[in-house]
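Enquirer:
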Amino acid sequence: MFTDVFVTPFADYEFMRRALVGSLALALSGAPLGVFLILRRMSLAGDALSHAILPGAAVGYLVAGLSLPAMTFGGLFAGLVVALAAGAASRFTTLREDASLAAFYLVSLALGVTLVSLRGSNVDLLHVLFGSVVGLDDAALLLLVGVSTLTLILLAVFYRALVLDTLDPLFLRQTSAFGEFTPFLFLALVVLNLVAGFHALGTLMAVGVMMLPAAAARLWTRDLAVALPLAAGIGALCCYGGLVFSNETSAPTGPAIILAAGVVYFFSMIFGRAGGVLRLKRPRRHLEG
Amino acid sequence: MSAAANAPAIRLVNLTLGYDRRPAVHHLEGEIAPGEGLAVCGPNGAGKSTLLKALAGLLAPLGGEIRFGGLSPRAVAYLPQVVDIDRAFPINVRDFVAMGALARVGLFGALNAAEQIRVGAAIETVGLVGFESRTLETLSGGQMQRALFARLIVQDQPVILLDEPFGAIDAATIDDLLALIARWRTEGRTVVAVLHELDIVRRAFPRTLLLARECIFWGDTRDALCEKNLVRARAMSEAFDERARECLRDEFDAEDKLHVH
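So the sequences go chain by chain: B and P. Using the numbering used here, the letters of the first sequence correspond one by one to residues 1 to 289. Using the numbering used here, the letters of the second sequence correspond one by one to residues 290 to 550.
Here's what the structure looks like:
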């Protein structure tokens, strides 16, 4: 019974194994990025960028059909343009970054939906919006794993710059010439992961494996060095759980994975030792000094 | 080991600073000597913080220039007035103070034994021993200010800029931090501080720049803080003139010189 549910689907079906590898790669690099997004108070920026990717992917689709490289480059291009333009707009106009990001992604999303519906059918739109983790071919898998590896390496190399830029950006700018560059590197990594994610989970769901495990991890620990791997671990667990659930109930895989992450998040909200609700319920006696 | 010996003279040449073409500091001229202790005083909106921001290399002048005597503008340790630090960020006091080593260690280098000793010594100097593993959000306002000063110590720069370092700080902490500033001066470092507490200025800073967008007085503290100067500084109009025209003072000055020659 246990193995029937938890092991057999992956042993028997290749597409399940591919889905597992792809979504694991996505979670391992996306969730640590999510931790930084939360610390930088940019939780919604990931959401905005995921919408911004749509028109690029749509143009790729219009030009080349359901082609992986075309849609990837299109999405990457659109995401980077919006991230850079929003960053530049917040520096050189009076609008703050959240306002410019909202403006850019809304226009971008409208453009994307218009482009897709001009030629494609609704089925194609659904594919772009919600992805298909069980339809990953070799190229898509390599893309996911490559992006994940690159992200983890860059996170490790630029860890200090990212932490300093999040904690005290003025200090970093005044002390190091690299300060100005750090926010752009970070946004580029977020865009890269979202683009890789939309093949598996779709543009709208890709943010989920980024933010939900990260938010859950922050409820369990105050230590950043623990939160980053913990978020990745939670993300990986949710991908596995979501795939099992989807296989049992034949629910769509993308939403199933995100729902699994949602369950972990709500559980952490109640029981999390570093920020959960129950922490307030039973205050322990105060200390002597 | 200390970088203090080579503090440069900082020259302000016809310096105009501001935002959106509006001058906050207007045609300032003067020199900060190596190892000088300079207080910058003046009413709110006088351009004091703007001047420090420019000295820290974070604001490009609208006109004129700042000459650092060959030293990089990054050879400056700067404590801003409103520190844009997210206190909820999960980092402890030791790691926070160690940030000061960034200019030497870089973004990728390891914190070697010498740097770790320096960090420990700085924490001891500001009286935060025992707080090393506490996170920033558990510190009081005064303790946070001590941690920021510890970071300045670790930065070990020849020029130190402090923007209102004693707001909401108790007398004992102020005394400790003033002693630290005095030590920096004996080490030959230049200290420029924006201050509102005139008694502290008289106690600890031999030189004063009294600023009210324009320079009211720049010289010995005793002369600068006389009643006549303070009244003049207070008379500054804080609001912008909505219909201000372009400032042509530089051109007029040039013409004057032509006439003289």
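Backbone N, C-alpha and C define an ideal beta-carbon position, used for all residues, glycine too.
Just to confirm the assignment, what range does the beta strand (DSSP E) spanning residue 303 (chain P) have?
Expert: Residues 299–308.
Enquirer: Could one say the Cβ of residue 308 (chain P) lies closer than 8 Å to chain B's Cβ atoms, at least one of them?
Expert: It does not; no Cβ of chain B falls within 8 Å.
Enquirer: So is residue 411 (chain P) in contact with chain B if we call contact Cβ pairs under 8 Å?
Expert: No, its Cβ sits nowhere closer than 8 Å to a Cβ of chain B.
Enquirer: Given a threshold of 16 other Cβ atoms within 10 Å of its Cβ, counted over all protein chains shown, does residue 286 (chain B) qualify as buried or as exposed?
Expert: By the 10 Å Cβ count, residue 286 (chain B) comes out exposed.
Enquirer: What are the start and end residues of the beta strand (DSSP E) that includes residue 504 (chain P)?
Expert: Residue 504 (chain P) -> beta strand (DSSP E) spans 503–509.
Enquirer: According to DSSP, is residue 418 (chain P) part of a helix, a strand, or is it coil?
Expert: Reduced to three states, the DSSP call for residue 418 (chain P) is coil.
Enquirer: Checking contacts by CB at 8 Å: is residue 298 (chain P) closer than that to chain B?
Expert: For residue 298 (chain P), the answer is no, since every Cβ of chain B falls outside 8 Å of its Cβ.
Enquirer: Just the C-alpha distance for residue 206 (chain B) and residue 366 (chain P), rounded to the nearest angstrom, thanks.
Expert: Cα to Cα, the separation comes out at about 42 Å.
Enquirer: Give the single residue among B:247, B:185 and B:288 whose Cα lies nearest to the Cα of residue 80 (chain B).
Expert: If we check each option's Cα against that of residue 80 (chain B), B:185 comes out closest.
Enquirer: Give the single residue among P:303, P:332, P:323 and P:322 whose Cα lies nearest to the Cα of residue 514 (chain P).
Expert: Among P:303, P:332, P:323 and P:322, the Cα nearest to that of residue 514 (chain P) belongs to P:332.
Enquirer: Taking the alpha carbon of residue 522 (chain P) as the reference point, which residue from P:536, P:501, P:467 and P:534 has its own alpha carbon closest?
Expert: Considering only alpha carbons, the answer is P:501.
Enquirer: Short of 8 Å in beta carbon distance, which residues of its chain neighbour residue 38 (chain B), apart from the five on each side in sequence? Order them along the chain.
Expert: So the qualifying residues of the chain are 211, 214, 215 and 218.
Enquirer: Determine, using beta carbons only, whether residue 47 (chain B) and residue 379 (chain P) come nearer to each other than 8 Å.
Expert: Going by C-beta atoms, residue 47 (chain B) is not nearer than 8 Å to residue 379 (chain P).
Enquirer: Give the secondary structure of residue 374 (chain P) by DSSP, where H, G and I count as helix, E and B as strand, and everything else as coil.
Expert: Coil.
Enquirer: Going by DSSP in three states, residue 277 (chain B) sits in which element: helix, strand or coil?
Expert: Coil at residue 277 (chain B), not helix or strand.
Enquirer: Any beta-carbon of chain B closer than 8 Å to the one on residue 347 (chain P)?
Expert: Judged by the 8 Å Cβ criterion, residue 347 (chain P) is in contact with chain B.
Enquirer: From the DSSP secondary-structure annotation, give me the bridge partner or partners of residue 319 (chain P).
Expert: Partner(s): P:301.
Enquirer: Using C-beta distances below 8 Å, list every residue in its chain close to residue 35 (chain B), excluding the 5 sequence neighbours before and after it, in chain order.
Expert: Same-chain partners within the cutoff: 214, 217, 218, 224, 227, 228 and 231.
Enquirer: For the putative contact between residue 479 (chain P) and residue 323 (chain P), defined by C-beta atoms under 8 Å, what is the C-beta separation to the nearest angstrom?
Expert: Rounded, the Cβ-Cβ distance is 6 Å, consistent with contact.
Enquirer: Excluding the 5 residues preceding and the 5 following residue 162 (chain B) in the sequence, name in chain order all residues of the same chain whose CB lies nearer than 7 Å to its CB.
Expert: Closer than 7 Å at the Cβ level, and outside the excluded window around residue 162 (chain B), lie 36, 182 and 186.
Enquirer: So that I know if they touch, is there some Cβ in chain B lying closer than 8 Å to that of residue 388 (chain P)?
Expert: By this cut-off, residue 388 (chain P) is an interface position.
Enquirer: Taking 8 Å as the threshold, find out whether the region 476–492 of chain P comes into contact with the region 295–312 of chain P through three or more Cβ pairs.
Expert: Result yes; three or more Cβ-Cβ pairs closer than 8 Å.
Enquirer: Identify the continuous beta strand (DSSP E) that holds residue 31 (chain B) and give its terminal residues.
Expert: Element bounds for residue 31 (chain B): not the beta strand (DSSP E) but the alpha helix (DSSP H), 14–39.
Enquirer: Any contact of the region 141–156 of chain B with the region 19–36 of chain B, i.e. 3+ C-beta pairs under 8 Å?
Expert: Result yes; three or more Cβ-Cβ pairs closer than 8 Å.
Enquirer: How many whole angstroms separate the CB atoms of residue 202 (chain B) and residue 254 (chain B), which I take to be in contact at a CB cut-off of 8 Å?
Expert: With a Cβ gap of about 5 Å, residue 202 (chain B) and residue 254 (chain B) count as contacting.
Enquirer: What is the rounded straight-line gap between the Cα of residue 340 (chain P) and the Cα of residue 321 (chain P)?
Expert: Rounded to whole angstroms, residue 340 (chain P) to residue 321 (chain P) spans 13 Å at the Cα level.
Enquirer: Please tell me whether residue 428 (chain P) and residue 389 (chain P) are closer than 8 Å, where the distance is taken between their beta carbons.
Expert: Not a contact, by the Cβ cut-off of 8 Å.
Enquirer: Relative to the C-alpha of residue 137 (chain B), which candidate in B:19, B:277 and B:238 has its C-alpha closest?
Expert: Cα-wise, what sits closest to residue 137 (chain B) is B:19.
Enquirer: In the structure shown, what three-state DSSP assignment does residue 353 (chain P) receive?
Expert: If DSSP states are grouped into helix, strand and coil, residue 353 (chain P) belongs with the strands.
Enquirer: Mind checking which residues open and close the alpha helix (DSSP H) that includes residue 209 (chain B)?
Expert: Note, residue 209 (chain B): alpha helix (DSSP H), 206–218.
Enquirer: Return the first residue and the last residue of the alpha helix (DSSP H) that residue 262 (chain B) is part of.
Expert: First-last of the alpha helix (DSSP H) with residue 262 (chain B): 253–271.
Enquirer: Under a three-way DSSP split, which group does residue 229 (chain B) fall into?
Expert: Three-state DSSP puts residue 229 (chain B) in a helix.
Enquirer: Which residues bound the beta strand (DSSP E) around residue 135 (chain B)?
Expert: First-last for residue 135 (chain B): undefined, no H or E at that position.
Enquirer: Around the C-beta of residue 355 (chain B), are 16 or more other C-beta atoms found within 10 angstroms, so that it is buried, or is it exposed?
Expert: No information on residue 355 (chain B) is available, as it lies outside the stretch 1 to 289 that chain B covers here.
Enquirer: What's the C-alpha gap between residue 411 (chain P) and residue 437 (chain P)?
Expert: If you take the alpha carbons of residue 411 (chain P) and residue 437 (chain P), they lie about 10 Å apart.
Enquirer: CA-CA distance, residue 293 (chain P) and residue 403 (chain P)?
Expert: Its pLDDT being 49, under 50, residue 293 (chain P) is placed unreliably by the model, and the measurement read from it follows with that caveat. Residue 293 (chain P) and residue 403 (chain P): Cα-Cα distance of roughly 18 Å.
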